[in-house]
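Residue numbers (UniProt numbering): 1 to 712. Beta carbons are placed, not taken as given, at the ideal position from N, Cα and C, and that holds for glycine.
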Amino acid sequence: MAMKTVTKSTCCYCGVGCGVLIESDGDRITGIQGDPSHPANFGRLCTKGMTLPATAASLTGRALYPEMRLTRDAERQRIDWDAALDTVSERFADIIERHGPDAVAFYVSGQLLTEDYYVFNKLAKGVVGTNNIDTNSRLCMSSAVTAYKLALGADGPPTCYEDLELADCVLLAGSNMAYAHPVLFRRLEAAKATRPATKWVVIDPRRTDTAAMADLHLQIQPGTDVALFNGMLHHLIWEGLVDPAYIAAHTAGFAELKKLVRDYTPKMAAELCGILEADLIQAAEWFGASGGASLSLYCMGLNQSAHGTDKNLALINLHLATGQIGKPGAGPFSLTGQPNAMGGREVGGMATMLAAHRDIAIPSHRAEVAEVWGVPAGRLSNQPGLPAVAMFDAIRDGRIKAVWIACTNPAHSLPDAGKVAEALEMAEFVVVQEAFTNTDTVPYADVLLPAATWGEKAGTVTNSERRISRVRAAVAAPGEARPDWWIACEVAKRIAARLYPDEAAGFAYVETSAIFDEHRRLTVGRDLDIGGLDYALLESHGPQQWPLPAGMRQGLARRYVDGGFATPDGRARFHATPYKPVAEPTNARYPFHLLTGRLRDQWHGMSRTGRLPQLFAHTPEPSLTMHPHDAERRGLKAGDLVRVASKRGALVLPLAIGNDVPSGSVFAAMHWNGQFLNSLGINETSVPMVDARSFQPELKHAAVRIERAELP
Ligand code: SF4
Numbered sequence: 001m002a003m004k005t006v007t008k009s010t011c012c013y014c015g016v017g018c019g020v021l022i023e024s025d026g027d028r029i030t031g032i033q034g035d036p037s038h039p040a041n042f043g044r045l046c047t048k049g050m051t052l053p054a055t056a057a058s059l060t061g062r063a064l065y066p067e068m069r070l071t072r073d074a075e076r077q078r079i080d081w082d083a084a085l086d087t088v089s090e091r092f093a094d095i096i097e098r099h100g101p102d103a104v105a106f107y108v109s110g111q112l113l114t115e116d117y118y119v120f121n122k123l124a125k126g127v128v129g130t131n132n133i134d135t136n137s138r139l140c141m142s143s144a145v146t147a148y149k150l151a152l153g154a155d156g157p158p159t160c161y162e163d164l165e166l167a168d169c170v171l172l173a174g175s176n177m178a179y180a181h182p183v184l185f186r187r188l189e190a191a192k193a194t195r196p197a198t199k200w201v202v203i204d205p206r207r208t209d210t211a212a213m214a215d216l217h218l219q220i221q222p223g224t225d226v227a228l229f230n231g232m233l234h235h236l237i238w239e240g241l242v243d244p245a246y247i248a249a250h251t252a253g254f255a256e257l258k259k260l261v262r263d264y265t266p267k268m269a270a271e272l273c274g275i276l277e278a279d280l281i282q283a284a285e286w287f288g289a290s291g292g293a294s295l296s297l298y299c300m301g302l303n304q305s306a307h308g309t310d311k312n313l314a315l316i317n318l319h320l321a322t323g324q325i326g327k328p329g330a331g332p333f334s335l336t337g338q339p340n341a342m343g344g345r346e347v348g349g350m351a352t353m354l355a356a357h358r359d360i361a362i363p364s365h366r367a368e369v370a371e372v373w374g375v376p377a378g379r380l381s382n383q384p385g386l387p388a389v390a391m392f393d394a395i396r397d398g399r400i401k402a403v404w405i406a407c408t409n410p411a412h413s414l415p416d417a418g419k420v421a422e423a424l425e426m427a428e429f430v431v432v433q434e435a436f437t438n439t440d441t442v443p444y445a446d447v448l449l450p451a452a453t454w455g456e457k458a459g460t461v462t463n464s465e466r467r468i469s470r471v472r473a474a475v476a477a478p479g480e481a482r483p484d485w486w487i488a489c490e491v492a493k494r495i496a497a498r499l500y501p502d503e504a505a506g507f508a509y510v511e512t513s514a515i516f517d518e519h520r521r522l523t524v525g526r527d528l529d530i531g532g533l534d535y536a537l538l539e540s541h542g543p544q545q546w547p548l549p550a551g552m553r554q555g556l557a558r559r560y561v562d563g564g565f566a567t568p569d570g571r572a573r574f575h576a577t578p579y580k581p582v583a584e585p586t587n588a589r590y591p592f593h594l595l596t597g598r599l600r601d602q603w604h605g606m607s608r609t610g611r612l613p614q615l616f617a618h619t620p621e622p623s624l625t626m627h628p629h630d631a632e633r634r635g636l637k638a639g640d641l642v643r644v645a646s647k648r649g650a651l652v653l654p655l656a657i658g659n660d661v662p663s664g665s666v667f668a669a670m671h672w673n674g675q676f677l678n679s680l681g682i683n684e685t686s687v688p689m690v691d692a693r694s695f696q697p698e699l700k701h702a703a704v705r706i707e708r709a710e711l712p
C-alpha cells in the first residue's frame with residue numbers, strides 16, 4: 001500500500017496566502033487540510049482552497065507536452081522540449097537582432113512563484129535588455145503600489161493580519177472580502193463577535209454579502225470614492241477630529257490638502273456620491289473618533305480605475321490626518337488579489353520597476369542590479385517598458401513582434417478583450433506557457449510550453465501582509481510539464497549564448513533556493529531587506545514578513561511605527577486629490593453603469609475552478625443582474641436573454657433580477673469566458689482607459705446599454 005505523505009505548502013488562489021497541508025500517496029494528491037500553524041489562516045480554508053485536490057485530480061485539459069504549429073492555420077503538434085526551447089529562443093533572438101530588444105515582450109502573472117518571476121525579469125531586463133515585461137498584477141494592484149510610493153515613500157502595506165482583530169473601526173472600500181478574501185473575512189467576523197463595538201463601514205455601489213454585514217453601508221455612485229474620502233476629511237478637519245501633532249511631526253502637504261477639501265462639504269460630497277449626508281458624517285466620526293484604531297481594507301474597487309491612484313491617495317490622506325497608521329489595528333491595508341502579486345513587486349517583475357523596489361530611471365539602481373546579474377550595466381534599459389494594456393496595443397500596431405505569455409489569460413482578462421485577441425492574431429510569434437489548455441489565450445499559441453502547477457512545483461510566495469511562505473511540490477508534474485523557472489532559464493541560456501557568446505550564463509540554477517538567495521541579495525539595504533531570510537529559516541521558523549534584515553530571526557509585523565516614513569525626509573506626503581468622474585460616463589445611448597466583480601467559488605478565468613462541478617453550486621450560470629425597477633420598466637424578467645453592449649463590444653447573458661445592484665447599474669461576474677460563452681466574456685465591453693500614473697485599467701466600470709437579445 002502506498003505511503004501517505006503530508007507536504008506543507010500554500011494555497012495557489014488569492015492573496016490571503018493560506019497555509020495548507022497536502023496529503024498525497026506519492027503519485028496523486030489525495031486530500032488537503034488548512035495548516036493550523038500558518039499565521040494567515042490558522043487552519044481555516046475556503047471552498048476554493050478545500051477543493052484543490054479535486055481540481056488537481058483530472059488531467060483533462062492539462063498541458064502535458066510542448067506543442068508547436070508551423071503556420072497559423074495548422075494544428076499544433078507535439079514536439080520535444082529541446083525543439084520547443086530552441087524554437088522559442090531562436091525566434092526571439094532573430095526578432096531582437098532584426099528589430100531591437102523592445103520588439104519582444106513578456107506578459108507574466110501574479111500566480112507565478114517569486115523564483116519564477118525573478119528569472120523572467122532577469123531574462124527580459126538582463127539578457128534581452130528590454131523593460132517590456134509586465135504582468136496581470138498590473139490589473140490588480142498597481143494603483144495601490146503607486147499610491148504607497150507617493151504617500152509613504154515605498155511600496156507595501158504598513159499593516160498585518162493581526163490588525164483585523166485589533167481595529168475599532170474597519171473601513172472596507174471597494175472590496176467584497178466575503179468572496180474575494182474569504183478566510184480573512186472569517187477572521188474579521190470572529191473579531192467582531194468578540195468585540196461587538198467594532199464598527200464596519202462598507203463602501204460599495206453594490207449590496208454585496210460583505211456590505212450586508214456592515215454597520216453602515218455607503219452605497220455610493222460608481223467611481224465617487226474620492227469625493228467621499230474628501231468629504232469625510234472635511235468633516236474630520238472642521239470637527240477637530242484630526243491629529244495636529246502627528247500631522248506636524250510626520251507629514252508634509254497638509255495645508256494644500258486642507259485648501260482642497262474645504263470645498264468638499266459633507267453635503268456636497270454626499271450629493272456627488274448619492275448617499276445621505278448623515279451617513280457620510282457617521283462614517284467620518286467612526287473613523288476619526290474610534291477612540292482606538294481605524295483600519296482600511298481595500299481592493300479592486302479602488303484599484304481598477306482610471307483614477308485608482310487618486311482613490312488610494314485620498315484614503316491614505318484620512319489615515320495620515322488622523323495618525324491612524326503605524327500602530328496596532330490601524331493603517332491603510334490594500335489586499336492583493338493574487339497569491340503572489342506582492343512577490344512580483346519584490347523582484348521588480350513589472351515594466352515600470354527594477355528588482356527590490358529599485359527605479360529604472362536611476363543609474364545607480366541599474367548598476368546594482370546589473371552587478372548581481374553579471375551583465376553590463378548598459379544592457380539595462382533606462383526607459384520604462386510597456387505596461388499591460390499598452391503592450392497589447394503595441395503588438396497590434398507591429399512595434400512588438402513576439403510575446404511570451406506565462407501563466408495568465410490576457411484574451412479574457414484585459415479590457416476590450418476583442419482587441420487583445422486581434423493583437424494575438426497579428427503578432428509574428430506567440431508563446432504561451434500554461435498548465436491548462438482551456439484558456440482563451442492558448443488557441444493563439446504558436447508554441448505551447450506545458451507548465452507545472454500547484455502541488456507540483458516549489459518556491460515562495462508573498463501574501464497581502466508581506467509574509468513570505470514556502471510552496472512545495474507534493475507530487476511530480478504530469479506528462480512533460482516543467483516548473484516555470486526552469487523553462488525561463490532554459491530559454492534564457494539559449495538566447496544569451498546566441499546574443500552574448502562570451503558572457504558566462506547566469507541561469508545555471510539547480511534549485512529554487514539558489515534563485516531565492518540571489519533575489520534576497522538584491523534586497524539588502526532596501527526597504528524590503530530580507531538579507532536574513534533563507535529557505536532554512538522558513539523551514540525552522542515558518543512563514544516570515546518582510547523586512548527581515550540579516551541578524552533578525554523574525555520579520556517586522558508593522559512598518560512606520562516610529563512615524564519615520566520611507567521618503568527622503570522621513571515625512572509622509574499628503575496628496576490633494578480632486579474628484580474626477582468615471583472614465584466613461586453613462587449617456588442616453590449607453591445608460592447603464594456596468595459593474596464587474598467576483599463570485600465566491602470561482603477564480604479568474606476558471607481554468608482551474610471551472611473543472612469542478614461542485615464549484616458551480618453557489619452560482620451555476622453566468623448572468624447579468626439588474627434592479628427589479630429597471631427590469632420592470634423594460635418588460636424584462638429573470639431568465640430572459642439580454643445583450644450587454646458598450647462602445648467596444650457586446651455579449652449575450654441571461655438576466656437575473658436583484659436588489660443588490662442599485663437602479664441604473666447592472667452587474668456581471670468577470671469569470672465567465674469562452675469555455676462557457678460564445679464570447680471572451682465581460683471584458684469584451686470594458687474600458688481600455690488606464691490610470692495615468694499606475695497604468696491600471698478601469699475594469700470595474702463601463703457605460704452599457706441592455707437590450708432583449710434576438711434569438712437566432
Ligand atoms: Fe486559498 Fe484565499 Fe481561500 Fe485562503 S482564502 S484558502 S488563500 S482562496
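With DSSP as the reference, label residue i as helix, strand or coil.
i: A134; result: One point to set straight first is that residue 134 is Asp, not Ala, in the sequence displayed. Residue state, collapsed to three classes: strand.
i: H365; result: helix
i: K258; result: helix
i: H319; result: helix
i: R573; result: strand
i: V661; result: coil
i: W200; result: strand
i: G34; result: strand
i: P697; result: strand
i: S413; result: helix
i: H250; result: helix
i: I275; result: coil
i: L655; result: strand
i: F42; result: coil
i: E707; result: strand
For residue i, report the span of its alpha helix (DSSP H) as first-last.
i: T47; result: T47 to M50
i: residue 732; result: As shown, the chain starts at 1 and ends at 712. That puts residue 732 outside it, with no answer to give.
i: residue 739; result: Residue 739 cannot be examined here, being either before or after the span of the chain that is shown, 1 to 712.
i: S623; result: Unbroken run through S623: none, as it is neither H nor E.
i: R633; result: P628 to R633
i: G385; result: That residue, G385, is in no alpha helix (DSSP H); it is neither H nor E in DSSP.
i: G301; result: M300 to N303
i: G459; result: It is not in any alpha helix (DSSP H) - G459 instead sits in the beta strand (DSSP E) that spans G459 to T462.
i: E584; result: Note, E584: premise wrong, no alpha helix (DSSP H); not H, not E.
i: residue 716; result: Nothing in the structure corresponds to residue 716, since the chain is present only between 1 and 712.
Beta strand (DSSP E) containing residue i: first to last residue?
i: V431; result: F429 to E434
i: H593; result: F592 to G597
i: H234; result: First-last for H234: D225 to W238, but that is the alpha helix (DSSP H), not the beta strand (DSSP E).
i: A406; result: A402 to A406
i: G532; result: Unbroken run through G532: none, as it is neither H nor E.
message: Can you tell me which residues fall inside 5 Å of the ligand SF4, judged by beta-carbon distance to its nearest heavy atom, and keep chain order?
response: That gives C11, Y13, C14, V16, C18, L45, C46, K48, G49, P182 and V183.
- prompt: Taking only runs of the beta strand (DSSP E) that begin and end inside the stretch 68–144, which ones reach a length of at least 3 residues, in chain order?
  reply: Counting only runs of 3 or more, we get 104–108 and 133–135.
message: Quick check on the DSSP output: what are the complete beta strand (DSSP E) runs of length 3 or more inside the stretch 465–503, in order along the chain?
response: Complete beta strand (DSSP E) runs here, min 3: 467–471.
- prompt: What beta strand (DSSP E) runs, 3 residues minimum, are completely inside the stretch 324–360?
  reply: If we require 3 residues or more, the beta strand (DSSP E) runs fully inside the stretch 324–360 come out as 331–334.
task: Could you name each continuous alpha helix (DSSP H) segment of 4 residues or more that falls completely within the stretch 142–201, going from the start of the chain to the end?
output: Look at the stretch 142–201 and you find these whole runs of alpha helix (DSSP H), each 4 residues long or longer: 142–152, 162–166, 177–180 and 182–194.
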